[in-house]
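Residue numbers (the working numbering), protein chains in the order written: chain A, 3 to 180; chain B, 3 to 180.
In this text, a Cβ means the ideal position worked out from N, Cα and C, and glycines have one as well.
Everything below concerns the one structure shown next.
Printed below as a string of structure tokens:
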């Protein structure tokens, strides 16, 4: 929640600025407008010899549940770089990014989740600070009831379906609130 | 530039918080971490009877130059909804969104530009507040030297190439600084 201007420290008011169509937090003193926009979460479905890399989360939300390596895109990087970085940070794995695979808008939490598909460069991986453990899973071994997020499940199901028919697409969707 | 905490109004310091890997603006009083992340710009290549909808910008940057209808994605909407909203706001046109078409990371300005392809629902359009004029352009009439942004040119060139071969793909790329 924005209560103070991050430029001058004065209080802000919430209203539609002239020429705009949505209310924003506008500084009462210097007039600075604090825009808030959705964040991109970038991640990767990374394979090694037909198995898929998953991480068990060491942090909230969904501590202890399994996820694809993914996280908030940072300033100064591309979406693909972000996906590779997150895979390295969370799973200690170097991934060769092949192509964008799935993009899921999650409007009720102001996020867009973008998953690439790729391959591990080597079979090396290890749990990063945000992971309890990391492992490779054959399709039949994926712990579906223990997946952390609906976007991860959606991405994995589409991935396995595409893999079966030997043709990968790019899948776009929107996830409604539960 | 973040100088004050938007939660409590105190000063901030710039350092790597414990467990993080990048420096952030952290509040000296309440500890709130101010993350900054790339913004998504969503837009649309909208056709009517083979011609493409372009807007001439009434605002900076690139006042007077032509662009595809596009703008910052807002909280609470999907990427496709954002593309449709921007097309309506800037070009007064109702668009039927067909599919994601191009995604361009622009790391040096912390943006990701995402363009859909679509069709006008009716041949009605009019300049919104941010446009000087709006028009439909046949491929041979596109004002290439007067386009506002490199991502718009890149998207339009790929679009026309795909249209010629009668097969639309999804194109991902990264735009380096000039």
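By the Cβ-count criterion, residue 57 of chain B is buried, with 16 or more other Cβ atoms from all chains shown falling within 10 Å of its own Cβ. Within the DSSP secondary-structure output, residue 141 of chain A pairs in no beta bridge.
Neighbours of residue 109 of chain B in chain A, taken as residues whose beta carbon is under 9 Å from its own, are 77, 78, 79, 80 and 83 in chain order.
Assignment of residue 157 of chain A by DSSP, reduced to helix, strand and coil, places it in the helix class. For the 8 Å CB-CB criterion, residue 93 of chain B and residue 55 of chain B form a contact.
Non-local C-beta neighbours of residue 27 of chain B in its own chain, meaning closer than 6 Å and more than five positions away in sequence, comprise 4, 14, 16 and 36, ordered along the chain. Contact between the region 101-116 of chain B and the region 151-164 of chain B is present: three or more C-beta pairs spanning the two stretches fall below 8 Å. For residue 97 of chain B, not one C-beta of chain A is nearer than 8 Å to its own C-beta. Chain-ordered listing is empty here: chain B has no CB closer than 8 Å to the CB of residue 71 of chain A, the nearest sitting near 14 Å.
Taken atom to atom, the span from the alpha-carbon of residue 29 of chain B to that of residue 111 of chain B is near 25 Å. Residues of the same chain with a CB within less than 6 Å of the CB of residue 67 of chain B, apart from the 5 flanking positions on each side, are 59, 148 and 150 in chain order. If you look at residue 26 of chain B, you'll find it in the beta strand (DSSP E) that goes 26-29. In the structure shown, residue 148 of chain A falls within a helical segment according to DSSP collapsed to helix, strand and coil. Any Cβ of chain B closer than 8 Å to the Cβ of residue 40 of chain A would place that residue at the interface, and such an atom is present. For residue 92 of chain B, there is no enclosing beta strand (DSSP E); the enclosing alpha helix (DSSP H) has its first and last residue at 81-93. Under DSSP, residue 166 of chain A shares a beta bridge with no residue. Interface criterion not met: the Cβ of residue 62 of chain A is under 8 Å from no Cβ in chain B. Assigned with DSSP and collapsed to three states, residue 110 of chain A falls in helix.
Look at residue 19 of chain A: its C-beta is not under 8 Å from any C-beta on chain B. When 8 Å is used as the limit between beta carbons, residue 139 of chain B is near no residue of chain A, the shortest such separation being about 26 Å.
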